[in-house]
Amino acid sequence: MRVGIPVLLFLLSLLSRSALAQNHPELDWQVIETDHFRVLYHQGLAEAAQRAALIAEEAYGPVTQLYGYQPGGKVRILIKDYDDYANGAAYYYHDTIEIWATALDHDFELRGTTDWLGNVITHEFTHIISLGSALKAPQRMPAVYLQYFGYQREHNRPDVLVGYPDVLASYPVTTMSVPMWFAEGVAQYQALGARHDRWDSHRDMILRSAVLSDSLLSFDQMGVFGKCGFGNEFVYDHGYGLVRYIAQTYGDEKLAAICRAASGWKALEIGTAIHQALGLSADQLYQDWHQQLKTQYQAQVQNLGDLREGEVVVDRGFSNQRPVFSPEGKRLVYLSTRDRQFGPHALVLRQLDTGEEEVLESGVSSSYSWSPDGKKLVLVRHEQADKYGSRQADLYEYDLGVKERGLAGEIFWAVPGLVSDYARPSPQLKRLSHGLRALYPAYSPDGQWIAFVHNQGTHNNLGLMRADGTQIRYLTHFEDSTQLYTPQWSPDGQYLIFSIAREGARDIARLRVDQPEVPIEVLVATLGTDRDPVFAAGGGELIFASDFSGIFNLYTYDLKTQAIRPLTNVKGGAFSPTCSPSGEVAFAAYGARGFQIRKVGGEAGAALVPPAAPTPGPHPKAAPLSSHAYGVDFLKTSLIPRLLVDDGRFKGGLYVSSGDVLSRQNIFAGAAFAPANGDRDLFALYEYRGWRPTVFLEFNHQRRRSPRADSSQARDLVTTG
């Protein structure tokens, strides 16, 4: 998961968290207490909070024992579900974890399917423990600041005591020297007895493509984020791979040994800690790992036999995904970043006979579907869903027959954008839902209905609504952590096929639309991840993606005989197939440059018999834990010493920050004092975010005493505000 680990600038850590969020006074927060955790959750998440408490307690022993470190008090876990957003964060200076309930793999193609709640809680808790054990100072002191402030000299202005600042230098000496690859690597590796993540085909795909194209990140590149394209995800993947290599070669206990070595002030970079723990240099470790990967992946590719990778259709930019043929097969829509080096994706329409392309809409996510007449698309966008600023997924109709605005219309709608963040609505877009939290829309064969996946809490359900957005009803009623993906209608409109994930196992299933009370029928359940099912031309077969061979490829599934046949044989990975009326199959293909759109004929190979996966069991149940209303729970106060030279004089000082766990109240203050002449700087800021408007109080006090070079008098300036 994409996890922010704050390392620098901790003087603003609490305020920066709240600055990125909206106020949510509508939420009613409750607390569950266990021996080692306080789980905070709002309405609609009671079941998830109960399970989170169980997961966290199960992880506590294995993770703390591995690293030989225990937090000083209870670790707080916040569970949030007011946005359709997937992530987690560990604030290891405050022993606090934040997670969003939505599973990561709904809109991110470079991670496999896991039990999201178990994975994200264990991942973030491993951050808390591993990074806590690597701190060089107490948690309350995340850094020491070395600062220099210089000012312009005003020789001809007796009324100006101090000139305008012309030099501002601030350097934090942090108490943490763990690079990103190691921090994220150990969090994904987790610990024996508390392992909810796994090394999967997605991670192998990324490393295999990088190694075989000589584009593996260097050791230094692995240490930082801030990269273009998929570069930030490579830090996670490479880090997991190298940590896994260390554990398999030298033992899990060496991960803890590296953390302990990093906690010493002599280990100002990870190479020193690696040498102390493993007895070899970081460069040698990296080279050994690189060579092992090269040997492994070269052998894997040599055993693939004849490749069937298809013909490139789109190779512009680093991410081209989820192609869908139009009903007549002459057009193709897909998501692309095009020439941008970062997201979000735009929806692109391609004329297959000429290759001409048109960007239809930006900011499109999930998947989309053609109307049967080929004149409209239904798609997903995240908009401001309510007055509190929550961004949730809603369905929109895109009418290809509506013309763009003229010049007058563009000028009219440009005015609101000049004075606010209001984005002009596209004339082709018609909003079908408001706050529905809908993903993966699909038109029915008659165009009268739209199927979708409803996202709420830690679970999904299949829903239907009329094509105009009315008459919403649900076909499933899951209340556990079941995840659903990419529903597609059968040509006769009787069934929906989709992929379903339970306990991290992702299979392909179908449901009778007019008989939703009939249990879901699982069609494909291999030992791998089975996903992205679509109907082949004629409707007698499915085409889907699976990694049961160790590499994601496309396969066909005969609905009568249950025979599975290979359709592709690639070195990277093949996903998201779509079939034209003529039987041609387009798909998203991953390689060293990212995702391309490729196409292949519909002729499949000989039938295979992939090993079947065991049926996943239900989540373990425990006696419900009692809860109580949230009051006020302040985090540990951070104290950051300051050593500075201000206008030529030494000052000693301190930054102080604190806040409650929900960021409803935040305090940030600072002081500096010059012993030579008594100059001082004091400030304090209190912020309250418990209401819709943010209320704050601010105090500033400054004293300056300076003998002017052009005056025999010493001058004082005291300001308070």
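Numbering-wise (the working numbering), the sequence shown opens with residue 479 and increments by one.
Ideal Cβ positions, reconstructed from N, Cα and C, are used throughout, including at glycine.
Note that the coordinates shown come from a computational prediction; the quantities given were computed from them, not determined experimentally.
**OP:** Take serine 1060 as the anchor and find which of Ile1029, Val1048, Ala1101, Phe1013 has the nearest alpha-carbon.
**Re:** Within the sequence shown, residue 1060 is the residue found at index 582, counting from 1. For serine 1060, the nearest C-alpha among the options comes from Phe1013.
Original post:
Thinking C-alpha only, which one of Ile978, Thr954, Gly947 is nearest threonine 964?
Top reply: Reading the sequence shown from its first residue, position 486 is the one you call residue 964. The shortest Cα separation from threonine 964 among Ile978, Thr954, Gly947 belongs to Ile978.
Original post:
Of the residues Thr1007, Ala1084, Asp1010, which one's Cα is nearest the Cα of isoleucine 1042?
Top reply: Within the sequence shown, the letter at position 564 stands for residue 1042. Among Thr1007, Ala1084, Asp1010, the Cα nearest to that of isoleucine 1042 is on Ala1084.
Subject >> DSSP beta-bridge partners of histidine 605 >> reply: The residue you call residue 605 lines up with position 127 of the sequence shown. Answer by DSSP bridge pairing: none, since histidine 605 is not bridged.
**OP:** Taking all protein chains shown into account, decide if arginine 859 is buried (16 or more other Cβ within 10 angstroms of its Cβ) or exposed.
**Re:** Start at 1 with the first residue of the sequence shown, and residue 859 comes out as number 381. Buried, because 16 or more other Cβ atoms sit within 10 Å of the Cβ of arginine 859.
Original post:
So, glycine 701 versus proline 657, is the Cβ gap smaller than 7 Å?
Top reply: Counting from one through the sequence shown, the residue named residue 701 turns up at place 223. Counting from one through the sequence shown, the residue named residue 657 turns up at place 179. In this structure, the beta-carbon distance from glycine 701 to proline 657 falls below 7 Å.
**OP:** Taking only the alpha-carbon atoms, compute the straight-line gap between glutamine 666 and glycine 729 and give it to the nearest angstrom.
**Re:** Numbered from its first residue, the sequence shown carries residue 666 at position 188. Numbered from its first residue, the sequence shown carries residue 729 at position 251. In a straight line, the C-alpha of glutamine 666 is about 16 Å away from that of glycine 729.
**OP:** Express the C-alpha separation of asparagine 1144 and alanine 734 in angstroms, rounding to a whole number.
**Re:** Position 256 of the sequence shown holds residue 734. Position 666 of the sequence shown holds residue 1144. Asparagine 1144 has its alpha-carbon roughly 34 Å from the corresponding atom of alanine 734.
Original post:
Name the DSSP beta bridge partners of cysteine 1057, please?
Top reply: The residue you call residue 1057 lines up with position 579 of the sequence shown. In DSSP, cysteine 1057 forms a bridge with Val1063.
**OP:** Compare the beta carbon distance of alanine 568 and isoleucine 606 with 7 Å and say whether it is the shorter of the two.
**Re:** Your numbering for residue 568 matches position 90 in the sequence shown. Your numbering for residue 606 matches position 128 in the sequence shown. When the beta-carbon positions are compared, alanine 568 and isoleucine 606 come within less than 7 Å of each other.
**OP:** Output the boundary residues of the alpha helix (DSSP H) element that contains serine 840.
**Re:** As a first step, residue 840 is located in the sequence shown; it is residue number 362 there, counting from the start. Per DSSP, serine 840 is not a residue of any alpha helix (DSSP H); the beta strand (DSSP E) it occupies stretches across 835–840.
**OP:** Measure the alpha-carbon distance for leucine 962 versus histidine 601 and round it to whole angstroms.
**Re:** Working through the sequence shown from its first residue, we reach residue 962 at position 484. Working through the sequence shown from its first residue, we reach residue 601 at position 123. Rounded to the nearest angstrom, the gap between the Cα atoms of leucine 962 and histidine 601 is 23 Å.
**OP:** Throw me the rounded Cβ distance for the aspartate 1010 and phenylalanine 1022 pair, which I believe falls under 8 Å.
**Re:** Counting from one through the sequence shown, the residue named residue 1010 turns up at place 532. Counting from one through the sequence shown, the residue named residue 1022 turns up at place 544. Phenylalanine 1022 and aspartate 1010 do touch by the CB rule: their CB atoms are close to 6 Å apart, below 8 Å.
**OP:** Return the first residue and the last residue of the beta strand (DSSP E) that methionine 943 is part of.
**Re:** Position 465 of the sequence shown, counting from 1, holds the residue named residue 943. That run of the beta strand (DSSP E) goes 937–944.
Original post:
Cα separation between arginine 794 and proline 923?
Top reply: The count along the sequence shown starts at 1 and reaches residue 794 at position 316. The count along the sequence shown starts at 1 and reaches residue 923 at position 445. Looking at the two C-alpha atoms, the distance is approximately 32 Å.
Original post:
What number of angstroms, rounded off, separates the C-alpha of glutamate 787 from the C-alpha of leucine 1032?
Top reply: Position 309 of the sequence shown holds residue 787. Position 554 of the sequence shown holds residue 1032. If I take the Cα positions, the gap works out to 10 Å.
Original post:
What is the rounded straight-line gap between the Cα of valine 897 and the Cα of arginine 1170?
Top reply: Translated into the one-based positions of the sequence shown, residue 897 becomes position 419. Translated into the one-based positions of the sequence shown, residue 1170 becomes position 692. In this prediction, valine 897 scores a pLDDT of 48, lower than 50, which makes its location untrustworthy; the coordinate-derived value is nonetheless stated afterwards. So the two alpha carbons sit approximately 21 Å from each other.
**OP:** May I ask you to report which of helix, strand or coil DSSP gives glycine 717?
**Re:** Looking up residue 717 in the sequence shown gives position 239. Taken through DSSP and simplified to helix, strand or coil, glycine 717 comes out as helix.
**OP:** State the DSSP-derived secondary structure class of arginine 1183, mapped to helix, strand or coil.
**Re:** Here the question's residue 1183 lines up with position 705 in the sequence shown. DSSP places arginine 1183 in the strand class (E or B) of the three-state scheme.
**OP:** Please classify asparagine 781: is it buried, with 16 or more other beta-carbons within 10 angstroms of its beta-carbon, or exposed?
**Re:** Counting from one through the sequence shown, the residue named residue 781 turns up at place 303. Exposed: under 16 other Cβ atoms inside 10 Å.
Original post:
Hey, would you say glycine 867 sits closer than 7 Å to leucine 523, going by beta carbons?
Top reply: Here residue 867 refers to the residue found at position 389 of the sequence shown. Here residue 523 refers to the residue found at position 45 of the sequence shown. No, they are not a contact pair.
**OP:** Have a look at Ile1118, Arg944, Thr832, Ala661 and flag the residue whose alpha-carbon is nearest the alpha-carbon of alanine 1150.
**Re:** Start at 1 with the first residue of the sequence shown, and residue 1150 comes out as number 672. Of Ile1118, Arg944, Thr832, Ala661, the residue nearest in Cα terms is Ile1118.
**OP:** Identify the continuous alpha helix (DSSP H) that holds valine 689 and give its terminal residues.
**Re:** Mapped onto the sequence shown, residue 689 falls at position 211. Note, valine 689: alpha helix (DSSP H), 679–690.
Original post:
Can you name the residues that DSSP bridges to threonine 1034?
Top reply: For the purposes of this step, residue 1034 is taken as residue 556 along the sequence shown, with counting starting at 1. The partner list for threonine 1034 (beta bridge, DSSP) reads Ile1021, Arg1043.
Original post:
Hey, would you say isoleucine 555 sits closer than 7 Å to isoleucine 575, going by beta carbons?
Top reply: On the sequence shown, residue 555 is found 77 positions in, with the first residue counted as 1. On the sequence shown, residue 575 is found 97 positions in, with the first residue counted as 1. For isoleucine 555 and isoleucine 575, yes; Cβs fall inside 7 Å.
Original post:
Considering tryptophan 659, what are the terminal residues of the alpha helix (DSSP H) in which it resides?
Top reply: Sequence index remark: in the sequence shown, residue 659 carries index 181 (1-based). From DSSP, the alpha helix (DSSP H) with tryptophan 659 extends over 658–667.
Subject >> Exposure label - glutamate 662; buried when at least 16 CB within 10 Å >> reply: By one-based count along the sequence shown, residue 662 stands at place 184. In this structure glutamate 662 is buried. Its beta-carbon is surrounded by 16 or more other beta-carbon atoms within 10 angstroms.
**OP:** Report, in whole angstroms, the separation of the C-beta atoms of arginine 1076 and glutamate 789, which I expect to be a contact under 8 Å.
**Re:** Against the sequence shown, residue 1076 aligns to sequence position 598. Against the sequence shown, residue 789 aligns to sequence position 311. Confirmed, about 6 Å.
**OP:** Would you list the one or two residues that DSSP bridges to glutamine 829?
**Re:** Position 351 of the sequence shown holds residue 829. Glutamine 829 is bridged by DSSP to Arg809.
Original post:
Looking only at its own chain, which residues have a Cβ that is under 7 Å from the Cβ of aspartate 561, when we skip the five neighbours before and after it?
Top reply: Here residue 561 refers to the residue found at position 83 of the sequence shown. The answer, listed in chain order, is Trp578, Ser868, Arg869, Gln870.
Subject >> Spatial distance of tryptophan 967 from arginine 1142 (CA atoms) >> reply: As a working note, residue 967 is residue 489 in the sequence shown. As a working note, residue 1142 is residue 664 in the sequence shown. Spanning the two alpha carbons is a distance of roughly 46 Å.
Subject >> Completely contained beta strand (DSSP E) runs for the segment 554–604, where each covers 3 or more residues >> reply: Whole beta strand (DSSP E) segments, 3+ residues: 566–569, 574–578.
Original post:
How is the alpha helix (DSSP H) around lysine 732 delimited, first residue to last?
Top reply: Here residue 732 corresponds to residue number 254 of the sequence shown, with the count starting at 1. In the DSSP assignment, lysine 732 falls within the unbroken alpha helix (DSSP H) covering 731–740.
Subject >> 6 Å CB neighbourhood of glutamate 632 in its chain, flanking five on each side removed >> reply: Stepping through the sequence shown from its first residue, residue 632 is reached at position 154. So the qualifying residues of the chain are Val638, Gly641.
Original post:
DSSP three-state call for lysine 865: helix, strand or coil?
Top reply: Translated into positions along the sequence shown, residue 865 becomes position 387. Here lysine 865 sits in coil by DSSP.
Original post:
Within this structure, are the beta carbons of leucine 825 and glutamate 839 separated by less than 7 Å?
Top reply: Working through the sequence shown from its first residue, we reach residue 825 at position 347. Working through the sequence shown from its first residue, we reach residue 839 at position 361. Yes; because the gap between Cβ atoms is below 7 Å, this pair is in contact.
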